[in-house]
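The structure appears right after this line, and notes come after that.
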Amino acid sequence: MKWDLILSNSFYTAISANAVAYILVASGLNVHFGYTGLLNFGQAGFAAIGAYSLSIPISRYDWPWPLAVLMVVVSSVILALLLGIPTLRLRADYLAIVTIAVAEIIRLFMNSVRFTWLTGGNDGLQGFTRFMENINPFPDDGITLWAQKVDGYRLWLLVTGWILVALVSTGIWALMRSPWGRVLKSIREDEDAARSLGKNIFAYKMQSLIIGGFVGALGGMWLVLDKQSSQPQDFSTTFTFFAYTIIILGGIARAKGPVIGTMIFLFVIQFVDITLQQATRTTPTDPTPLLPEWIVDENNFSQVRFIVAGLALAILVIVRPQGIFGDKREQAFDVR
Amino acid sequence: MSANTASYQPVPGSKKDDAILVVDGVRRAFGGLVAVNVDHVEVPRNKITALIGPNGAGKTTFFNLLTGFDSPDHGTSVFNGQRLDGMAAHKVARLGMVRTFQLTKALSRMSVIENMRLGAAHQKGENIFRGLIAPLWRAQEAEITARAEELLTRFNLAHMRDELAGGLSGGQRKLLEMARALMVEPEMVMLDEPMAGVNPALKQSLLEHIKGLRNEGRTVLFVEHDMDMVREISDWIIVMAEGVVIAEGTSDDIGSNQAVIDAYLGAHHDSDLGGG
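Respectively, the protein sequence lines represent chains L and Y.
Just so you know, the first sequence maps onto residues 3 to 338 in the numbering used here.
Just so you know, the second sequence maps onto residues 42 to 317 in the numbering used here.
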């Protein structure tokens, strides 16, 4: 077992540009679910819209990148309005149904054969990252973090991504300590009470949906910048539920929650994954793997990693139900 | 101070010389059930008015209709010269008519002081852009906090200031809800069963608080089942049964009113509900 490789790779995964994408997607969901109590099951849809609003204009229509980034902003706001206008006046469950459906519609649209000329279909779109590569100040061969090699482009995305995370997290923190954030929390607790005190809760829910959706779209954008390819299968509902796992791990309605939650989540998954990979490996010189084949072998360890990682996360939630940064007192009260 | 309530006619729909709220022909049906069908009611300004009636009389529905939590099938209600019917609940509250709920709605996972601060109207920091820049709202926040602390002291909740509201007892939640409603600085306070589930010792202090509201110039309309309390503090009583206002008057008028006795004792099958 090469523990230095396993650990350095797991640590890198927890802070990589890919992790930045997860942090942003989860931060947006935290605004919706954590602070406002909006049951958004379609955060992956916002991420997909962010990804494709960047990749389609650049790959297909050669737009300059600032315009494409503006497109990310505009389209995420439009999606939030489309989702919110019919559902935010209704009970919370309706938003849940509509968001999960719309997210799937978006993914299936991106995947459809008929619109391959636009979205690239199952193969996705490539070649939209040149603008990031062009302004990359790091040398192409990058650096070595401990035992992990990081190429220049990924290092550049990592650095700019963490600057973005710092900005977004600070922004969310500043908003949530303000009277504006107080109204959001009151909607989460009891929207009739907020209404009886003269707050226009529809307007606040809509603003929350827009802000969180926009942050989620930034996350989707970072995800595909890192992969250098935008593909529909990255935006399945699993992505949304990973984001839920992350905010529960980190502590719901805490600005730092998604950051630490993502790092733990990705670390555990990656660590289990490559440990199992190493433990089940056979070579011609050493035909017996470390773990007996009746438990797990090299063909099925990638499924087993989710079982083991899920177990680890379940234990963490049992030991610390409020999440890493949560307030234990809040657990004492009924959560809808 | 306006005229003594004893000078009003003790009949349903009686005219008041200075009514803060005037309701005309308000009707609300749920399918075939007519929950509220109020012909004409006036609520006197700066008085404590009780709204009583047997279970299912439509009192809470009537409350919901007045405060914008439900909209009437037809009819009008006018508050301080402003038409309310069909107006959204938050706008009604901003006009100065603030309600509480039968089942208290404390914001459990927020501290008591945050519950209070939320109530304040016209907060600059409630705008998303100004909220981002703390210096724009800090001064106002300090004022609001000072006012909230004053109210907490008055309602004997000052020691709970930083506790989460979910940790309060049932009675303390009633107090918090009333104090929070006052943060809006309403002209009219609508209390839906303020005494439900409150122990006798706290009841007395709640009574004093409600009288205090009148003494500082506010109008109170409350729904209540506790007749001792109704008799003790109300200046005027409106009685509903089966969605209709069947009687109005001072507590002396109501005690001897045959329609009210019938409504409560179930003898109305052979008497005219409209009679006085």
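All C-beta atoms, glycine included, are put in the ideal place defined by N, C-alpha and C.
Per DSSP, the beta bridge partners of residue 289 of chain Y are Y/279. Looking at the DSSP output, residue 128 of chain L shares a beta bridge with L/231. Residues of chain L whose Cβ lies closer than 8 Å to the Cβ of residue 81 of chain Y do not exist, since the nearest Cβ in that chain is about 26 Å away. The alpha-carbon separation between residue 50 of chain L and residue 281 of chain L amounts to approximately 35 Å.
Per DSSP, reduced to three states, the secondary structure at residue 132 of chain Y is helical. Distance between residue 130 of chain L and residue 286 of chain L, taken at the CA atoms: about 42 Å. Neighbours of residue 155 of chain Y across chain L, judged by C-beta separation under 7 Å: 184.
Pairing residue 221 of chain L with residue 326 of chain L gives a Cβ-Cβ distance that is not under 9 Å.
Non-local C-beta neighbours of residue 19 of chain L in its own chain, meaning closer than 8 Å and more than five positions away in sequence, comprise 156, 159, 160, 163, 224, 227 and 228, ordered along the chain. Listed along the chain, the chain Y residues whose CB falls inside 7 Å of the CB of residue 200 of chain L are 131, 134, 135, 162 and 225. Taking a Cβ-Cβ cut-off of 8 Å, residue 254 of chain Y has no neighbours in chain L, whose nearest Cβ is about 16 Å from it. A straight-line Cα-Cα distance of about 26 Å links residue 182 of chain L and residue 196 of chain Y. Taking 9 Å as the cut-off, the beta carbon of residue 101 of chain L is found no closer than this to the beta carbon of residue 32 of chain L. Spatial neighbours of residue 264 of chain L in its own chain (CB-CB distance under 7 Å, excluding positions within 5 residues in sequence) are listed in chain order as 21, 24, 25, 28 and 248.
Setting aside the 5 residues that flank it on each side, residue 196 of chain L is surrounded in the same chain by 185, 188, 189 and 203, each with a C-beta closer than 7 Å to its C-beta; the list follows chain order. The beta carbon of residue 238 of chain Y is closer than 7 Å to those of 211 in its chain, skipping five residues each way along the sequence.
With at least 16 other beta carbons inside 10 angstroms of its own, residue 138 of chain Y counts as buried.
Boundaries around residue 263 of chain Y are those of the beta strand (DSSP E), 260-264, since no alpha helix (DSSP H) includes it.
With a 10 Å radius around the Cβ and a threshold of 16 neighbouring Cβ atoms, residue 321 of chain L comes out exposed.
Along the length of the stretch 95-149 of chain Y, whole alpha helix (DSSP H) runs at least 4 residues long occupy 100-108 and 130-136, reported in chain order.
Interface criterion met: the Cβ of residue 149 of chain Y is under 9 Å from a Cβ in chain L.
DSSP places residue 330 of chain L outside any beta strand (DSSP E); the residue lies instead in the alpha helix (DSSP H), whose first and last residues are 330-333.
Taking a beta-carbon distance threshold of 9 Å, residue 240 of chain Y does not count as an interface residue toward chain L. For residue 315 of chain L, there are no CB contacts under 6 Å within the same chain when 5 residues up- and downstream are skipped. Taking the Cα of residue 108 of chain L as reference, the smallest distance to any Cα among L/9, L/93, L/85 and L/256 is reached at L/85. Proximity of chain Y to residue 192 of chain L at the Cβ level (cut-off 7 Å) is accounted for by 146 and 148, in chain order.
Per the coordinates, the alpha-carbon of residue 268 of chain L lies some 8 Å from the alpha-carbon of residue 12 of chain L. The DSSP assignment places 145-147 and 150-152 as complete runs of the beta strand (DSSP E) inside the stretch 115-173 of chain L, in order along the chain (cut-off: 3 residues). Taking CB atoms only, residue 139 of chain Y has a neighbour in chain L less than 9 Å away.
In the three-state scheme derived from DSSP, where H, G and I count as helix and E and B as strand, residue 45 of chain Y is classed as coil.
Within the same chain, 257 come within 6 Å of residue 175 of chain L by CB-CB distance, once the 5 residues on both sides are set aside.
Between the alpha carbons of residue 142 of chain L and residue 132 of chain L lies a distance of about 13 Å. Residue 332 of chain L has a beta carbon lying within less than 9 Å of a beta carbon in chain Y. Taken through DSSP and simplified to helix, strand or coil, residue 68 of chain Y comes out as strand. C-alpha of residue 246 of chain Y to C-alpha of residue 240 of chain Y: approximately 10 Å in a straight line. Comparing C-alpha distances from residue 311 of chain L to each of L/135, L/279, L/273 and L/298 shows the shortest one belongs to L/273.
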